[in-house]
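For any residue, its number in our numbering is found by taking its place in the sequence shown, counting from 1, and adding 16.
Where a beta carbon is used, it is the ideal one built from N, C-alpha and C, also for glycine.
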Amino acid sequence: MDRLQDTINILREYQQEHVINLIERLDEERQRTLIEQIQGIDFQQLTEMYNNTKRKIEFKKSKIEPLKYLDKEKLTKEQKERFDELGKQVIQNGEYAVVTMAGGQGTRLGHTGPKGTFKLDVYGKGKYLFEILAENLKDANKKYNTTIHWYIMTSKDNNEQTVQFLEKHNYFGYNRKYVTIFIQSELPILDQDGKLLIGKDYRIKEASDGNGGTYSSLRASGALSEMKNNGIKWVFIGGVDNVLLKMADITLLGMAIEQNVQIASKSVVKANPHEKVGVFCKMNGHPKVIEYAELPEKMAEQVDENGELKFGESNIICHLYTIEAIEKASKEPLIYHSAFKKNSYIDENGNEVIPEAPNSYKFESFIFDAFEIFDDIGILRGKREEDFAPVKNAEGVDSPRTAKELYERFWNKQKEESLIYGNYDIENNINQPFIKIFQ
Ligand code: UTP
17 MDRLQDTINI
27 LREYQQEHVI
37 NLIERLDEER
47 QRTLIEQIQG
57 IDFQQLTEMY
67 NNTKRKIEFK
77 KSKIEPLKYL
87 DKEKLTKEQK
97 ERFDELGKQV
107 IQNGEYAVVT
117 MAGGQGTRLG
127 HTGPKGTFKL
137 DVYGKGKYLF
147 EILAENLKDA
157 NKKYNTTIHW
167 YIMTSKDNNE
177 QTVQFLEKHN
187 YFGYNRKYVT
197 IFIQSELPIL
207 DQDGKLLIGK
217 DYRIKEASDG
227 NGGTYSSLRA
237 SGALSEMKNN
247 GIKWVFIGGV
257 DNVLLKMADI
267 TLLGMAIEQN
277 VQIASKSVVK
287 ANPHEKVGVF
297 CKMNGHPKVI
307 EYAELPEKMA
317 EQVDENGELK
327 FGESNIICHL
337 YTIEAIEKAS
347 KEPLIYHSAF
357 KKNSYIDENG
367 NEVIPEAPNS
377 YKFESFIFDA
387 FEIFDDIGIL
397 RGKREEDFAP
407 VKNAEGVDSP
417 RTAKELYERF
427 WNKQKEESLI
437 YGNYDIENNI
447 NQPFIKIFQ
């Protein structure tokens, strides 16, 4: 059977007849491109995802328990030294890689361009989010006398702009040979009736499949094999938009090694019991991040014998994995969550429709949904003022204004402390004292 007929049969089977009408009207080249795209779609999976938009995830029968954690601040001196030594060795041996997830759309921030290209107004001159991340890794490289391989995940949508930006800024002084950019996978967008949307380019409209796509995209892009060939044993995965993110935290790494866990995360304690953040817990015996809306109110308020919130460890997208854990997660199908959003499309007459209200489902998996395929997770509680300053919203909480404040407060404190030690070098690098103090 020829490819065109096969494609038409698939579309008919999954009630996508409107696409058949389009295919038949296209010129040869466009037709070929569209057929290729359709042949790559898993319609069975897509149908299930669409059916799930009609169901509500039920946690009632699930057993939700608090998860044990260690507080970085309360580690004994010996414990901290032991963890740090273990972590340091892995990094110094070149067995550590870092992944930055930069494939998001950044819709809430509303910056035109990839989020990493947003310039935060700090210290007069300002710093781009990618620049801040590069500085953090360069600091670690200096400290541990190595060059950590930096993987950056983009989306089909923002890849070109990201690459151009990083090239223009010479990767902010990061050794280009140690930067790998890979593109995450996408999923089709469906309208309210489960029909595929068609874009202006006469292709099926797709959007990046959420940050849970990181695992499979690492594998599909060849980045995972490259890591394995290079002897990488531990992989850090973080977001692009936390300007206090520590991407090479030897304490977290050492803790994970000593606890013999395959995955570990840094958390910060919830600002209040009803803060709208996801928290770590155990669900039916497995680690999980439960969203604030899904955590029963009573549980959110429960405290332990020390007066600490039982479900107080919030997720700041600061995750660590053994290479085997990444491999395992990359082969595991994750749950897809749907978001009802506005997406333009072309109608059967070829006219573009720009909706004024949400009209279609975008499907996303979340990176933390893979946690439940593991038996355990190591959690290290960090500090909000040292570890978490996200740039999410244009204004208000977690905005450039709050991130600037937290970033400058953190680095000013480092400066004050280093002045006491007498080795601050403000002219050359605001980040320098951090290295000097903690070496
Ligand atoms: P968020 O869920 O905060 O999404 O992503 P976002 O795209 O930055 O912002 P909004 O929700 O559209 O306003 C958390 C991290 O996951 C990455 C983001 O780039 C960010 O670092 N991400 C998200 C991806 O890499 N791919 C995706 O498909 C989604």
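Less than 8 Å between the CB atoms is what I'm expecting for Pro406 and Asn258, so what's the real figure, rounded? Stepping through the sequence shown from its first residue, residue 406 is reached at position 390. Stepping through the sequence shown from its first residue, residue 258 is reached at position 242. At roughly 5 Å, the Cβ-Cβ gap stays under 8 Å, so Pro406 and Asn258 are in contact.
Taking the C-alpha atoms as reference points, what is the distance between Lys399 and Gly140? Sequence index remark: in the sequence shown, residue 399 carries index 383 (1-based). Sequence index remark: in the sequence shown, residue 140 carries index 124 (1-based). For Lys399 and Gly140, the distance between alpha carbons rounds to 26 Å.
From Ser376 to Thr63, what distance separates their C-alpha atoms? Indexing the sequence shown from 1 puts residue 376 at position 360. Indexing the sequence shown from 1 puts residue 63 at position 47. Distance between the alpha carbons of Ser376 and Thr63: 14 Å.
In chain order, what residues of the same chain lie with their CB nearer than 6 Å to the CB of Gly122, ignoring the 5 residues before and after it? Taking the first residue of the sequence shown as position 1, residue 122 is located at position 106. Result list for Gly122: Lys131, in chain order.
For Gly189, I'd like the list of residues in its chain whose CB is within less than 8 Å of its CB, leaving aside the five on either flank, ordered along the chain. For the purposes of this step, residue 189 is taken as residue 173 along the sequence shown, with counting starting at 1. Here the set comprises Ala150, Lys154.
Whose CA, out of Val295, Asn37, Leu234, lies closest to the CA of Ile168? By one-based count along the sequence shown, residue 168 stands at place 152. Among Val295, Asn37, Leu234, the Cα nearest to that of Ile168 is on Leu234.
Rounded separation between Val179 and Asn409 - CA only: The residue you call residue 179 lines up with position 163 of the sequence shown. The residue you call residue 409 lines up with position 393 of the sequence shown. The alpha-carbon atoms of Val179 and Asn409 are separated by roughly 24 Å.
Indicate whether Gln200 and Gly129 have their beta-carbon atoms separated by less than 7 Å. Indexing the sequence shown from 1 puts residue 200 at position 184. Indexing the sequence shown from 1 puts residue 129 at position 113. In this structure, Gly129 does not lie closer than 7 Å to Gln200 by Cβ.
Let me make sure I understand the geometry here. Which of Thr133, Lys358, Asn300, Thr418 has the alpha-carbon closest to that of His185? Residue mapping note: residue 185 aligns to position 169 of the sequence shown, counting from 1. Minimum Cα distance to His185 is reached at Thr133.
CB contact flag (Leu260, Lys282, <7 Å): On the sequence shown, residue 260 is found 244 positions in, with the first residue counted as 1. On the sequence shown, residue 282 is found 266 positions in, with the first residue counted as 1. No, these two residues do not count as a Cβ contact at 7 Å.
So Ser115 and Thr230 are supposed to be a Cβ contact under 8 Å. How far apart are they, rounded? Stepping through the sequence shown from its first residue, residue 115 is reached at position 99. Stepping through the sequence shown from its first residue, residue 230 is reached at position 214. Correcting the residue identity first, residue 115 is Val in this sequence and not Ser. Right, their Cβ atoms sit about 7 Å apart.
Reduced DSSP category for His127 - H, G, I as helix; E, B as strand; rest coil: Counting from 1 along the sequence shown, the entry for residue 127 is found at position 111. It is coil, neither helix nor strand.
Can you grab the Cα-Cα spacing for the pair Trp427 / Ser434, in whole Å? Reading the sequence shown from its first residue, position 411 is the one you call residue 427. Reading the sequence shown from its first residue, position 418 is the one you call residue 434. Looking at the two C-alpha atoms, the distance is approximately 10 Å.
Check Gln448 in the structure and name its three-state DSSP category. Here residue 448 is taken as the residue at index 432 of the sequence shown, counted from 1. The predicted model places Gln448 with a pLDDT of 44, which falls under 50 and marks its position as unreliable, so this point remains unresolved.
Looking only at its own chain, which residues have a Cβ that is under 8 Å from the Cβ of Leu136, when we skip the five neighbours before and after it? Indexing the sequence shown from 1 puts residue 136 at position 120. Here the set comprises Gly142, Lys143, Tyr144, Leu145, Ile148, Val259, Val407, Pro416, Ala419, Lys420, Tyr423.
Rounded to whole angstroms, how far is the Cβ of Ala264 from the Cβ of Ile164, which I believe are closer than 8 Å? Sequence index remark: in the sequence shown, residue 264 carries index 248 (1-based). Sequence index remark: in the sequence shown, residue 164 carries index 148 (1-based). Correct: roughly 6 Å between the Cβ atoms.
With 16 other CB atoms within 10 Å as the buried threshold, where does Ile442 fall? Along the sequence shown, one-based indexing puts residue 442 at 426. At Ile442 the pLDDT is 43, less than 50, meaning the model places this residue with poor confidence; the figure from the coordinates comes in the next sentence. Label assigned to Ile442: exposed.
Are the beta-carbon atoms belonging to Ala316 and Pro289 less than 7 Å from one another? As a first step, residue 316 must be located in the sequence shown, where it is residue number 300. As a first step, residue 289 must be located in the sequence shown, where it is residue number 273. The answer is yes: Cβ separation under 7 Å.
Does DSSP put Arg397 in a helix, in a strand, or in coil? Taking the sequence shown and counting its residues from 1, one reaches residue 397 at position 381. Looking at Arg397 - three-state DSSP - the assignment turns out to be strand.
Let's see if you can read the secondary structure: which residues bound the beta strand (DSSP E) around Val106? In the sequence shown, the residue the question calls residue 106 occupies position 90. Looking at the DSSP string, Val106 is not in any beta strand (DSSP E); the run it does join, the alpha helix (DSSP H), is 93-108.
Does DSSP classify Ala280 as helix, strand or coil? Position 264 of the sequence shown holds residue 280. Looking at Ala280 - three-state DSSP - the assignment turns out to be strand.
Sub-7 Å separation of Ile339 and Ile248 beta-carbons: To locate residue 339, count along the sequence shown from 1; it is residue 323. To locate residue 248, count along the sequence shown from 1; it is residue 232. Yes, the pair counts as a contact, with Cβ atoms nearer than the cut-off.
If you run the structure through DSSP and keep just helix, strand and coil, what is Ala355? Along the sequence shown, read from residue 1 onward, the residue named residue 355 stands at position 339. It is a strand residue.
Option nearest Lys211 by Cα separation, candidates Glu343, Gln32, Ser237: The residue labelled residue 211 in the question sits at position 195 within the sequence shown. Checked all of Glu343, Gln32, Ser237; the closest Cα to Lys211 is Gln32.
Given that a residue counts as buried once 16 or more other Cβ atoms are within 10 Å of its Cβ, and exposed if not, what is Ala156? Within the sequence shown, the letter at position 140 stands for residue 156. Per the 10 Å Cβ criterion, buried.
Please name the residue or residues paired with Ser376 in a DSSP beta bridge. Position 360 of the sequence shown, counted from the start, is the residue given in the question as residue 376. Per DSSP, Asp207, Lys357.
From Leu240 to Ala113, what does the alpha carbon distance come to, in whole angstroms? What you label residue 240 is simply residue 224 of the sequence shown in a count that begins at 1. What you label residue 113 is simply residue 97 of the sequence shown in a count that begins at 1. Taking the straight line joining both Cα atoms gives about 10 Å.
Could you check if Ala118 belongs to the surroundings of the ligand UTP, using beta carbon to heavy atom distance under 6 Å? Counting from one through the sequence shown, the residue named residue 118 turns up at place 102. For the ligand UTP, at least one heavy atom lies less than 6 Å from the Cβ of Ala118.
Buried versus exposed call for Phe454 [16 or more other C-beta atoms within 10 Å across all chains shown]: Stepping through the sequence shown from its first residue, residue 454 is reached at position 438. Caution is warranted here: a pLDDT of 36 is assigned to Phe454, below 50, making its placement in the model unreliable, and the coordinate value is therefore given only provisionally. With fewer than 16 other Cβ atoms within 10 Å, it is exposed.
Examine the Cβ distances between the region 288-305 and the region 329-337 and report whether three or more of them are shorter than 8 Å. yes
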